[in-house]
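Engineer:
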Amino acid sequence: MVEQGGGARVAESAFLVSGMYCAACAGTIEAALQRVDGVLDAQVNAAGHRAQVRWDPSRTRPSMLVRAVRGAGYDAVPDAAAPARELRRRERRQALWRLFVASFCAMQVMMFATPSYVASGNQIEPDLRQLLNWGCWLVSLPVLLFSAGPMMRNAWHAVRARRISMDVPVALGLLVTFVASSGATFDPHGVFGHEVYFDSFTMFISFLLGGRYLEMSARHRAAEALEQSLAGMPETALRLRADGEVERISVQRLQPGDRVRVPLGAAFPADGRLEVGTTQADESLLSGESVPVLHQPGDELVGGSLNLGGPVVMRVERVGADTRYQAIVTMMRDALSQRPALARWADAWAGPFLWAVLLLAFGAAAVWSLIDPDRALWVMVSVLIVTCPCALSLAAPSALVAATGALARRGVMVQRLDALEALARIDRLFMDKTGTLTEDRPHWSATEREAGDEPQAQAEQAALALARWSSHPLAQALASDPRAVGRAQAVDWADVQEEAGQGMQATDPTGRRWRLGSRAWVQAEPGLPARGQEVCFGPVGQVQWRFGFEERLRPDARQAVQALQAGGVQVALLSGDDPLRVQAVGSALGLDLAQGGATPEDKLAVVAQAQAAGQVCGMVGDGVNDAPVLARADVSFAMGHGALVSRVHADAVVSSNRLADLVMARQLARRAIGIVRQNLIWAAAYNAACIPLALAGYLPPWAAGLGMALSSLLVVGNSLRLAR
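Residue 1 is where the sequence shown starts when you use full-length UniProt numbering, and the numbers rise one by one after that.
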């Protein structure tokens with residue numbers, strides 16, 4: 001539930017939809033949902049079989065949305081694990097039964113029809129031939145009423161909604177074939193003639209259901225793999241109370257600041273930091289890292305990852321929807337509920353194409369009724385079947401959804417499917433510095449004495465204890481350094497105060513005031529310049545110790561930049577940091593443009609200028625100040641550890657925090673767009689080759705059905721190569 005302007009509430013619900021076989025089905029379901037009073041927006045993804053609906057809770061209810069989907073001839077359940085599994089089980093069971101009935105009956109029909117094929121002249125008596133036709137008609141009834149039932153219902157609902165779906169020409173061809181064959185069975189000398197086509201009728205339905213069953217199985221396997229990987233968050237946690245006792249509570253009751261014990265083999269219940277113990281964590285879902293990651297005290301832990309090393313104690317920092325795990329779940333569901341631009345383009349052409357198919361089929365029947373009336377019927381049926389653009393409608397969404405799943409397993413969570421097309425064409429990539437090209441926190445690199453005779457270990461202990469009270473990034477980097485663990489507990493500071501932008505001030509047990517912060521703050525000399533990245537410590541008016549920090553490039557920054565440049569992408573650095581440090585990083589990476597001191601407005605201007613020059617621009621960032629330019633870029637990435645607002649505005653989130661995954665994402669996006677083109681070319685070539693054959697009378701209905709099923713399977717199979 002979200003609040004909009006004026007206090008109005010808008011609910012967002014995700015549903016898993018069954019019974020969809022083509023992209024036109026998505027349009028039928030969208031139209032049915034949008035007719036419900038209170039529905040503000042509905043998006044249905046044919047490849048993911050998911051619907052995302054925004055609705056007014058004061059005017060409608062989720063049950064009304066489900067009823068609307070069912071009224072359109074489909075089924076829907078909330079996109080949660082248990083009902084989704086039950087829906088898949090029911091859908092698989094029904095599909096298997098329909099396929100079995102169609103295949104079994106098709107074999108019986110072929111057995112009855114075989115004597116008519118092998119006999120010549122008058123070897124079969126008319127009454128015996130009539131009896132065999134009656135047998136074919138009787139055995140074909142279950143195929144029409146049960147196996148082909150969903151196709152008939154979907155076509156009927158589409159016609160009632162004044163829409164044309166892929167099932168309309170298929171259902172029309174089946175009905176014409178069955179009605180004409182039934183007429184020939186009941187009255188061999190009547191208007192329908194004496195030829196029956198029950199064998200083609202049942203074989204076509206068998207082939208079509210077989211192809212749809214295989215496509216459904218592939219989709220179910222992908223959904224189950226994603227569901228299994230997203231089922232890692234535990235339901236309870238072992239919270240440490242102030243008295244040291246352990247209590248088992250629901251993870252819903254966890255709060256930031258709680259200390260939690262995590263046993264060996266359990267999942268971390270929230271995002272936080274390791275306090276006690278050393279362990280390894282399986283973060284394969286959240287970061288794409290297949291090798292367990294070593295964590296020491298002070299390291300960040302991610303909720304949903306598995307504790308593989310030993311029992312540890314963590315301090316909770318983020319819970320519920322703020323955790324990276326829940327962000328991944330939300331992003332994946334949102335992405336799978338979208339319909340990409342390429343799919344919308346295919347949908348836009350599918351309607352006119354189907355109308356053209358209907359006109360072509362009836363025109364072919366009219367022409368053949370003059371040439372050879374006995375063949376007019378099955379020529380029309382063959383044209384209706386062979387031109388059904390199922391492969392065309394699956395070409396784009398199947399490839400993009402497969403690519404999205406593959407990227408998710410590698411730690412790149414796509415939030416907008418259209419971003420893959422822009423990523424494949426990108427030729428200019430702008431990157432932030434801190435947290436993107438360099439690690440998100442500076443490293444404590446040196447401790448230098450400037451005055452006093454206090455031992456270094458004692459001074460560090462006091463400074464670390466004071467740094468734990470501060471929220472400044474440098475103080476946090478000092479306090480969270482592995483060398484600080486266990487050393488900040490022994491100093492008892494009193495009257496602790498923080499001066500925003502300056503540092504910390506506190507009183508020691510002797511009553512002496514100490515400061516930790518900028519050189520000018522500790523020295524009490526406003527305007528005194530700093531010596532690089534530093535935190536100073538000492539009594540008010542005297543800097544006794546200096547803690548120096550340095551920026552470190554991410555381990556894979558050089559290789560990633562070089563790989564992008566080798567692939568034809570111009571890489572530039574845009575940062576609000578000190579221009580000298582930005583230039584140093586740019587020089588180390590061999591970048592032509594490294595602009596420091598850039599405000600959010602400056603970044604926007606640079607990206608807009610590049611776009612005006614015709615370049616497809618990408619942006620990678622992690623901070624709040626990156627959000628505007630992330631929204632402006634053609635394709636944008638936010639680092640997984642970055643600010644929430646930057647992750648919201650980005651097209652994809654690199655939850656692995658590995659720059660090498662940007663290179664992988666671009667390569668996979670280029671492959672995905674290439675496969676979309678292959679799928680579209682195949683669909684067009686298939687129709688271009690088979691339509692003339694059907695019009696010329698060389699393609700019987702059963703062969704047309706086999707070709708249509710195989711073409712759809714080829715498109716889906718080609719797309720699934722991306723999932724490997």
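Just so it is clear, CB atoms sit at the ideal spot from N, CA and C, and this is done for glycine as well.
1. Just the Cα atoms here: how many angstroms apart are residue 591 and residue 416?
2. Assuming residue 595 contacts residue 630 (C-beta within less than 8 Å), just tell me the rounded distance between them.
3. Would you call residue 169 buried or exposed, if buried means 16 or more other Cβ atoms sit within 10 Å of its Cβ?
4. For residue 251 and residue 618, what's the separation of their Cα atoms in angstroms?
5. What residues are listed by DSSP as bridge partners for residue 426?
6. Comparing C-alpha positions only, which one of 60, 25, 257 sits nearest to residue 35?
7. Cutting at 7 Å between CB atoms, please list the residues of its own chain near residue 664, excluding the five before and the five after it.
8. Can you tell me which of 111, 258, 296, 373 puts its alpha carbon nearest to the alpha carbon of residue 274?
9. What are the complete beta strand (DSSP E) segments, minimum 3 residues, inside the region 581–609?
10. What's the gap between the Cα of residue 669 and the Cα of residue 49?
11. Output the boundary residues of the alpha helix (DSSP H) element that contains residue 181.
12. Roughly how many angstroms separate the alpha carbons of residue 559 and residue 45, rounded to a whole number?
13. Based on the DSSP output, what are the partners of residue 43 in its beta bridges?
14. From residue 397 to residue 615, what distance separates their C-alpha atoms?
15. For residue 307, does the three-state DSSP call read helix, strand or coil?
16. From what residue to what residue does the alpha helix (DSSP H) around residue 255 run?
17. So for residue 552, helix, strand or coil by DSSP?
18. Can you have a look at residue 278 and say buried or exposed, based on whether 16 or more other CB atoms are within 10 angstroms of its CB?
19. Check whether the region 656–663 touches the region 692–700, counting contact only when three or more Cβ pairs, one atom from each stretch, lie closer than 8 Å.
20. Check residue 503 in the structure and name its three-state DSSP category.
21. Can you find a C-beta in chain D that's less than 7 Å from the C-beta of residue 384?
22. Roughly how many angstroms lie between the CA atoms of residue 725 and residue 563, to the nearest whole one?
23. Could you pull out every unbroken alpha helix (DSSP H) segment of at least 4 residues lying fully inside the region 81–151, listed in chain order?
24. For residue 621 and residue 432, which I take to be in contact (beta-carbon distance under 8 Å), what is that distance rounded to the nearest angstrom?
25. Reducing DSSP to helix, strand and coil, say where residue 207 ends up.
26. Rounded to a whole number of angstroms, what is the C-alpha to C-alpha distance between residue 414 and residue 385?
27. Compare the beta carbon distance of residue 420 and residue 437 with 7 Å and say whether it is the shorter of the two.
28. Mind reading off the beta-carbon distance from residue 402 to residue 722? Whole number of angstroms is fine, and I expect it under 8 Å.
29. Going by C-alpha distance, which of 71, 381, 246, 717 is nearest residue 174?
30. Of all the beta strand (DSSP E) runs that stay within the bounds of the region 415–467, which reach a length of 3 or more residues?
31. If you measure between the beta carbons of residue 149 and residue 75, is that distance less than 7 Å?
32. When the Cβ atoms of the region 134–152 are set against those of the region 96–105, are three or more pairs found closer than 8 Å?
33. Measure how close the beta-carbons of residue 202 and residue 106 come, nearest whole angstrom, since I'm counting them as under 8 Å.
34. Between which two residues does the alpha helix (DSSP H) holding residue 67 run?
35. Going by the DSSP bridge assignment, what does residue 279 pair with across the sheet?
36. Specify the secondary structure class of residue 496 as computed by DSSP and reduced to three states.
Structural biologist: Reading off the structure:
1. As a first step, residue 591 is located in the sequence shown; it is residue number 591 there, counting from the start. As a first step, residue 416 is located in the sequence shown; it is residue number 416 there, counting from the start. Approximately 29 Å, taken between the alpha carbons.
2. For the purposes of this step, residue 595 is identified with residue 595 of the sequence shown, where counting begins at 1. For the purposes of this step, residue 630 is identified with residue 630 of the sequence shown, where counting begins at 1. With 8 Å as the limit, residue 595 and residue 630 do not qualify as a contact, their Cβ atoms being about 17 Å apart.
3. For the purposes of this step, residue 169 is identified with residue 169 of the sequence shown, where counting begins at 1. Answer is buried; the Cβ neighbour count reaches 16.
4. If you number the sequence shown from 1, residue 251 lands on position 251. If you number the sequence shown from 1, residue 618 lands on position 618. Distance between the alpha carbons of residue 251 and residue 618 is about 38 Å.
5. Against the sequence shown, residue 426 aligns to sequence position 426. None, per the DSSP bridge assignment.
6. In the sequence shown, residue 35 corresponds to position 35, counting from 1. With distances taken between Cα atoms, residue 35 lies closest to 60.
7. The residue labelled residue 664 in the question sits at position 664 within the sequence shown. For residue 664, where only same-chain residues beyond five positions count, the Cβ hits under 7 Å are 410.
8. The residue labelled residue 274 in the question sits at position 274 within the sequence shown. Residue 296 is the option with its Cα nearest to residue 274.
9. 593–595
10. By one-based count along the sequence shown, residue 669 stands at place 669. By one-based count along the sequence shown, residue 49 stands at place 49. If you take the alpha carbons of residue 669 and residue 49, they lie about 22 Å apart.
11. Against the sequence shown, residue 181 aligns to sequence position 181. That run of the alpha helix (DSSP H) goes 167–186.
12. Translated into the one-based positions of the sequence shown, residue 559 becomes position 559. Translated into the one-based positions of the sequence shown, residue 45 becomes position 45. Roughly 37 Å separates the two Cα atoms.
13. As a working mapping, residue 43 is identified with position 43 in the sequence shown. Partner(s): 52.
14. Residue numbering aside, residue 397 sits at position 397 when the sequence shown is read from its first letter. Residue numbering aside, residue 615 sits at position 615 when the sequence shown is read from its first letter. Answer to the nearest angstrom: the Cα atoms are 26 Å apart.
15. Position 307 of the sequence shown holds residue 307. If DSSP states are grouped into helix, strand and coil, residue 307 belongs with the strands.
16. Locating residue 255 in the sequence shown gives position 255, where the first residue counts as 1. That residue, residue 255, is in no alpha helix (DSSP H); it is neither H nor E in DSSP.
17. Here residue 552 corresponds to residue number 552 of the sequence shown, with the count starting at 1. Coil, per DSSP.
18. Within the sequence shown, numbered from 1, the residue matching residue 278 stands at position 278. Answer is exposed; the Cβ neighbour count stays below 16.
19. no
20. Position 503 of the sequence shown, counted from the first residue, corresponds to residue 503. Reduced to three states, the DSSP call for residue 503 is strand.
21. Within the model displayed, chain D is absent; a lone protein chain is all it includes.
22. Limits of the chain in this structure are 1 at one end and 724 at the other, which puts residue 725 out of reach.
23. 81–118, 126–142
24. Within the sequence shown, numbered from 1, the residue matching residue 621 stands at position 621. Within the sequence shown, numbered from 1, the residue matching residue 432 stands at position 432. The Cβ separation is near 4 Å, so the contact holds.
25. As a working note, residue 207 is residue 207 in the sequence shown. Correct three-state label for residue 207: helix.
26. On the sequence shown, position 414 is the one that residue 414 refers to. On the sequence shown, position 385 is the one that residue 385 refers to. Taking the straight line from one Cα to the other gives about 36 Å.
27. Here residue 420 refers to the residue found at position 420 of the sequence shown. Here residue 437 refers to the residue found at position 437 of the sequence shown. The answer is no: Cβ separation not under 7 Å.
28. Taking the sequence shown and counting its residues from 1, the one referred to as residue 402 is at position 402. Taking the sequence shown and counting its residues from 1, the one referred to as residue 722 is at position 722. Going by Cβ atoms, the distance from residue 402 to residue 722 rounds to 4 Å, so yes, they are a contact pair.
29. On the sequence shown, residue 174 is found 174 positions in, with the first residue counted as 1. Checked all of 71, 381, 246, 717; the closest Cα to residue 174 is 381.
30. 428–431, 443–449
31. As a working mapping, residue 149 is identified with position 149 in the sequence shown. As a working mapping, residue 75 is identified with position 75 in the sequence shown. No, these two residues do not count as a Cβ contact at 7 Å.
32. yes
33. Translated into the one-based positions of the sequence shown, residue 202 becomes position 202. Translated into the one-based positions of the sequence shown, residue 106 becomes position 106. Rounded, the Cβ-Cβ distance is 4 Å, consistent with contact.
34. For this step, residue 67 is matched to residue 67 along the sequence shown. Segment 62–71, the alpha helix (DSSP H) holding residue 67.
35. One-based indexing of the sequence shown puts residue 279 at position 279. DSSP lists 295 as partners of residue 279.
36. Numbered from its first residue, the sequence shown carries residue 496 at position 496. Reduced to three states, the DSSP call for residue 496 is strand.
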